[in-house]
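In the working numbering, the protein residues as written are 3 to 763.
Below is the structure:
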């Protein structure tokens, strides 16, 4: 039995079912209230299911049972998902979709508003009172994002004093706040009200935990800040300032004796003492806890505070929709690879996050939930304590191809500082919250703030990527230069034009744009818009296959009429003596994998695909791949291109079914976990090198080169090879994705002296 006023975490169990203990709250119509001190326990069960979905089961009176689907709503699912530690629900199921449960049906005709703290606060027929069978068992589908303070262990013990939100109240009252806020009084949201913590015995380890939650990698010493707190207390003593929330509880505090080890990812899992509701305990000195944090490099440079410092890192995040999230990749032997998710936990994830300049980890994700990597898997069973400076300082095991696959790639979501970027932008007129016309908050010459539109000229997917990231809406599905079909407001003023982004910026204000608004089509119908998506595709080339399949073919001109019609030959072919003679072609196979979390589909719909009679196929994109040959000084000496005449699933990973096939005017695309193979013997799968002189070159392949279709990561869309051509034979060496090597290895590649023979050194 826990002592009143205290809350302490239990040890994590073996993860089989996700759930937690919760004090019982009486249903409004329950005829059978439980005895004093009884608890409820929840879990997700059933098959087949993912970790964030399943049949809802409740442990009550020593027995597991289910919930009937009668009157079940999405509001019920919201309440249950939050109790299971997820942020919200995305759906619910009926009729025992995840299989029939056993035992009692504890609840029936449940009717929640959606904001209740417990399912026990919702209306129902009462505990154990049901006219259902297990054929009517209800299930929920929760959003794959954990609530702060909830970890992915088997049992999570909470009570009414559990809290999720922690904030820093700045010491300096009034005036312009510079983001991010790095220093202030620690405040906790407890039972719907904010309270401060007694600073007696407050340690740097406690500060480290709070700073990690705020998105900062480390704490720093608090110097003169307590003088500011005393000044705040003096101001609070004056009648006009009596209600100052930043100086409340000067004589007593509800939270005392915080004793973190420094490795916790949330203050709520630290040992601490909480006074009963509507009471407080005295605090020696009466001073609240104050924390000062050290921002990471990415956030210490905001608004020109510091110059960008170049750091060499052996860890990076790939494929995430937001800053501070993604698949974990580590550098070993000058080559980037992934981490296997065996034993992957919040401590190891936090080491990665802090090393990259973020705070502690909010989630440690397993099962390639932010996309699969490609290439080597460098680490397995990483076991960090949380104090390490780098994941390479943690014990780990090496990998063999038998004991881990890319379907088990580990990923993280880190705590990042709040920058208030979303407050300066909004979407209007869309059918859902994920789309609409882009409106930004701008300041005119008179210093007056107001909302306005963004000129759509030159607007592309890369600008849309920044907008979706800034608003926390995931990946960009489309960047729209016209939004006439979203006429929804009286907004007509263009306040931003000439926007050009790389796609990596945190805010649209960080992109290049015109100093003075210049927009040829200034009507609101030509303003920029976006469509965002919670998932996205990610295409990568199989670099070793290109190296293995390259060869030269001298192909007679009489066999190249169709290829010439589709512009697959160099310009000099037009001056050739057709049909006599030949063209020299560098041929190779290319295998394009979709390792993202959404299918890759052509930008244009079937109605606008173009039929080519010569090869008898449809082109769904004008250009799908660029093939180029460059000299050592970067001059293009030959080029080719590949229109996506047939995007389909040639092969798939085990357990994944093909969905796209070009035959009979079928749907085109590449399913997640599948790949499309363009064999070396297909027309246009080449570069025309008839006019190329012998020498050393660089072969480059780029898929989706014009960013026409959204992807979660464009940095892995290109690959390159060293190329030696002696006039008769050709060899490719060191074929790799653009972002597969370290900077040092990439420099060596660029300084490649060429092969003297066909022996690989």
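Every residue gets a Cβ at the ideal spot worked out from N, C-alpha and C, and that includes glycine.
Quick one, which of the options has its alpha-carbon nearest residue i's?
i: residue 419; options: 740, 106, 180, 129; result: 180
i: residue 670; options: 610, 681, 689; result: 610
i: residue 502; options: 494, 492, 516, 493; result: 516
i: residue 148; options: 334, 566, 90; result: 90
i: residue 193; options: 119, 424, 202; result: 119
i: residue 683; options: 753, 703, 628, 588; result: 588
i: residue 375; options: 398, 651, 406, 397; result: 406
i: residue 255; options: 218, 224, 195, 264; result: 195
i: residue 144; options: 509, 264, 87, 104; result: 87
i: residue 518; options: 548, 473, 444; result: 444
i: residue 347; options: 363, 358, 357; result: 363
i: residue 401; options: 506, 116, 341; result: 341
i: residue 391; options: 509, 319, 349, 679; result: 349
With 16 as the cutoff for other CB atoms within 10 Å, does residue i come out buried or exposed?
i: residue 730; result: exposed
i: residue 258; result: buried
i: residue 558; result: exposed
i: residue 297; result: buried
i: residue 385; result: exposed
i: residue 553; result: exposed
i: residue 97; result: exposed
i: residue 464; result: buried
i: residue 188; result: buried
i: residue 753; result: exposed
i: residue 137; result: exposed
i: residue 616; result: exposed
i: residue 277; result: buried
i: residue 219; result: buried
i: residue 688; result: buried
i: residue 198; result: buried
How far does the alpha helix (DSSP H) with residue i in it extend, from its first residue to its last?
i: residue 2; result: This structure does not reach residue 2, given that the chain is present from 3 up to 763, and the question cannot be answered.
i: residue 637; result: It is not in any alpha helix (DSSP H) - residue 637 carries neither H nor E in the DSSP assignment.
i: residue 357; result: 348 to 357
i: residue 618; result: Premise fails: residue 618 is in no alpha helix (DSSP H) and is neither H nor E.
i: residue 535; result: Not the alpha helix (DSSP H): residue 535 falls in the beta strand (DSSP E), residues 531 to 535.
i: residue 300; result: 299 to 302
i: residue 468; result: 463 to 472
Beta-carbon within less than 8 Å of residue i's beta-carbon, same chain only, minus the 5 sequence neighbours each way: which residues are those?
i: residue 459; result: 483, 499, 500, 521, 522, 523, 528
i: residue 514; result: 500, 501, 502, 503
i: residue 743; result: 336, 337, 338, 751
If I measure Cβ to Cβ from residue i and keep anything under 7 Å in the same chain, skipping five residues before and after, which residues do I get?
i: residue 694; result: 631, 639, 640, 727
i: residue 307; result: With a pLDDT of 45 at residue 307, under the threshold of 50, the predicted position of this residue should be treated as unreliable, and no value is reported.
i: residue 585; result: 557, 559, 562, 571, 575, 690, 692
i: residue 745; result: none
i: residue 701; result: 631, 722, 723, 725, 734
i: residue 546; result: 737
Taking the beta strand (DSSP E) that residue i falls in, what are its first and last residues?
i: residue 558; result: 553 to 558
i: residue 192; result: 185 to 192
i: residue 632; result: 627 to 632
i: residue 752; result: Looking at the DSSP string, residue 752 is not in any beta strand (DSSP E); the run it does join, the alpha helix (DSSP H), is 745 to 752.
i: residue 427; result: 427 to 431
i: residue 275; result: 274 to 276
i: residue 585; result: 584 to 589
i: residue 792; result: Given a span of 3 to 763 for the chain in the structure shown, any question on residue 792 remains unanswerable.
i: residue 478; result: 477 to 482
i: residue 416; result: 413 to 416
i: residue 702; result: 697 to 705
i: residue 648; result: No beta strand (DSSP E) holds residue 648; DSSP gives it neither H nor E.
i: residue 423; result: No beta strand (DSSP E) contains residue 423, which DSSP labels as neither H nor E.
i: residue 323; result: First-last for residue 323: undefined, no H or E at that position.
Counting only the same chain and skipping the five closest in sequence on each side, list residues whose C-beta sits under 6 Å from that of residue i.
i: residue 475; result: 436, 534
i: residue 114; result: 77, 78, 81, 124
i: residue 354; result: 317, 330, 393, 414
i: residue 266; result: 211, 272
i: residue 457; result: 496, 499, 521
i: residue 380; result: 332, 334, 339
i: residue 343; result: 368, 410, 412
i: residue 167; result: 191
i: residue 100; result: 48, 51, 56, 57, 141
i: residue 326; result: 360, 416, 418
i: residue 185; result: 294
**Message:** My parser needs the beta strand (DSSP E) runs of 3 or more residues fully inside the segment 54 to 142; what are they?
**Reply:** If only uninterrupted beta strand (DSSP E) runs of at least 3 residues are considered, those enclosed by the segment 54 to 142 are 55 to 62, 65 to 69, 91 to 95, 106 to 109.
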